[in-house]
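What follows is a set of notes on a single structure, which appears directly below.
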Amino acid sequence: MRSVFVLNTGSSSVKYRVVDVETAEVAATGVIDRIGEPGSEARDHRSAIAQILNRFAGLRIDAVGHRIVHGGERFVTATVIDDEVERGIEALAPLAPLHNPPGLLGIRAARAALPELAQVAVFDTAFHAALPEAARRYAIDTELADRHGIRRYGFHGTSYRIVSERAAAFLDRPLGELRMIVLHLGNGASAAAIAGGRSIDTSMGMTPLEGLVMGTRSGDIDPAVLLYLQRNAGLDTDQLDVLLNRHSGILGLSGHIDMRGLTDAIDAGEESARRALDIYLHRLRHYIGAYAAVLGGLDALVFTAGVGENSREVRSGAVEGLEFLGLRIDETANAERSGVARRISASDAPVAILVVPTDEELQIARETAAVLAAR
Ligand code: AMP
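Structural data, given as structure tokens:
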């Protein structure tokens with residue numbers, strides 16, 4: 002059990018990797034996107050996966066690992082897929098309408114194409130499954146919430162797991178004794194308070210919409226805004242969904258589709274771009290302060306994912322004014338670039354600030370191999 006085929010199936014794309022879990026060596030990797038659109042390589046997910054398998058026909062594959070976004074209350078750990086598990090994931094579609102249905106297409110296509118191989122679902126929510134009740138519950142009617150599975154689940158868990166382990170290894174300290182805040186800042190973005198390797202609070206909620214300002218998602222917003230827009234601006238449910246998930250965040254504030262576009266526009270002197278970044282950073286600092294309190298102190302602040310690993314402006318702005326928490330950045334170290342874990346805090350600062358590359362595909366492969374080995 003060494004070579005795992007990892008599939009990350011989105012609504013219009015399939016990302017894949019074949020990886021050796023012992024050496025982390027990548028035998029094949031790539032993406033098929035714009036599935037179903039004119040000119041795309043694949044008319045549907047099944048043909049995309051068939052083409053991917055053709056690309057590495059000669060490679061050894063021992064198992065398949067699938068990234069599934071929402072595990073709901075039922076899937077709290079990586080799970081070997083059978084028909085019943087497949088139905089269980091299907092039943093979670095209402096909680097994650099944008100994310101779980103494509104994951105399910107990936108499972109079905111891969112099981113049809115590779116019926117002899119064990120397949121495992123690795124859930125983004127699993128790392129947060131044991132969130133303390135006080136962090137997990139929304140303050141609404143308990144019975145109604147329980148009946149509908151309305152609670153904070155949290156996401157990016159696969160990333161938090163590998164990044165928190167890498168951070169502890171970098172610091173050469175046991176994960177079990179560290180209090181850290183990890184900021185997974187990609188196109189989607191979230192924060193997690195991790196105590197002794199366990200998630201005790203996280204900014205995404207029942208869905209990935211809550212929390213930080215993201216590429217196209219609003220993050221936190223007064224829920225009454227939705228009621229107001231329904232009553233007074235004539236927006237219906239689907240329009241609100243599109244507004245908050247696709248037309249908000251950095252895009253809604255500035256018209257730029259991502260952080261790189263935004264920072265380029267700021268360099269070019271664009272006022273609305275600067276304002277968008279200020280709002281983004283204000284929310285980040287808000288969560289850093291909150292999670293320092295939730296953790297009762299802090300040993301490390303860790304930046305990861307596309308923005309966290311690459312944007313020195315965001316890292317620098319996120320800790321501005323937070324010296325009182327022990328957060329002091331070394332701007333020379335912050336300006337350096339490298340693909341490996343590194344420290345960017347001042348050498349005499351009490352809290353380590355780290356940049357740690359995430360690798361969700363490798364972690365999915367490892368968890369896939371681990372559950373199968375434990376069978
Ligand atoms: P991810 O979702 O982890 O792939 O991250 C994607 C995000 O990372 C996008 O918002 C990109 O604009 C951002 N990103 C990548 N490289 C840079 C960079 N050098 N500076 C700022 N943002 C970046």
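Per our numbering, the sequence shown starts with residue 2, numbered consecutively. C-beta: ideal position from N, C-alpha, C; glycine also.
| Item | Value |
| --- | --- |
| CB of G216 within 8 angstroms of CB of L252, strictly | yes |
| Distance cut-off 7 angstroms: V214 Cβ against heavy atoms of ligand 1 | no |
| Exposed unless 16 or more other CB atoms sit within 10 angstroms - verdict on D360 | buried |
| Y292: first and last residue of the uninterrupted alpha helix (DSSP H) it sits in | E272 to L296 |
| Cβ distance (whole Å) where D202 is taken to contact A136 below 8 angstroms | 4 angstroms |
| Buried or exposed by the 16-neighbour rule on C-beta atoms within 10 Å, applied to A225 | exposed |
| Endpoints, the beta strand (DSSP E) within which R174 is located | Here R174 belongs to no beta strand (DSSP E), and DSSP marks it neither H nor E. |
| Check: A306 C-beta below 7 angstroms from any heavy atom of ligand 1 | yes |
| Span separating the alpha-carbon of F6 from that of E272 | 45 angstroms |
| Integer Cβ distance of A110 from A79, believed to fall under 8 angstroms | The Cβ separation is near 20 angstroms, so there is no contact. |
| L184 to H149 span [Cα, whole Å] | 29 angstroms |
| Proximity test, T30 beta-carbon vs ligand 1 heavy atom, cut-off 7 angstroms | no |
| Per DSSP, the bridge partner or partners of V22 | Per DSSP, none; premise fails for V22. |
| Close Cβ partners of S204 (< 7 angstroms) along its chain, the five nearest in sequence each way excluded | S191, A192, E211, G212, L213 and Y288 |
| 8 angstroms Cβ cutoff met for A29 and I36 | no |
| Local Cβ density within 10 Å of H157, reported as buried at 16 or more and exposed below that | buried |
| Contact check, D300 vs L176, beta carbons under 8 angstroms | no |
| Through-space distance from Q231 to T238, alpha-carbon basis | 8 angstroms |
| Where D142 falls, given that 16 or more other Cβ within 10 Å makes a residue buried | exposed |
| Option in H129, D83 and A49 with minimal Cα separation from T10 | A49 |
| Beta-carbon proximity of A131 to R75, cut-off 8 angstroms | no |
| Own chain partners of V32 with C-beta closer than 8 angstroms, once the 5 adjacent residues on each side are dropped | S14, V15, K16 and Y17 |
| Nearest neighbour of L186, chosen from L105, P358 and I82 [CA to CA] | P358 |
| Y17 - partner residues in DSSP beta bridges | L8 and G31 |
| Same chain, Cβ closer than 6 angstroms to R167, five either side skipped, listed in chain order | A342 and V357 |
| Three CB pairs or more closer than 8 angstroms across the region 307 to 320 and the region 330 to 342 | yes |
| Alpha helix (DSSP H) segment containing V243, residue limits | T238 to R247 |
| Contacting residues, own chain, Cβ-Cβ under 6 angstroms from F304 (five flanking each side not counted) | L184, R316 and V356 |
| Local conformation of G72 per DSSP, three classes | coil |
| Endpoints, alpha helix (DSSP H) assigned at S41 | Per DSSP, S41 belongs to no alpha helix (DSSP H) and is neither H nor E. |
| Ligand 1 heavy atom lying under 7 angstroms from the CB of R261 | yes |
| Whole-angstrom distance between A266 and V19, CA atom to CA atom | 37 angstroms |
| Paired residues, beta bridge with S346 - DSSP | I330 |
| Beta carbon of I90 nearer than 8 angstroms to that of G104 | yes |
| Whole-angstrom C-beta distance between R286 and L263, which should lie under 8 angstroms | So it is not a contact: roughly 17 angstroms between Cβ atoms. |
| Cα-Cα separation between A366 and T208, rounded to whole angstroms | 24 angstroms |
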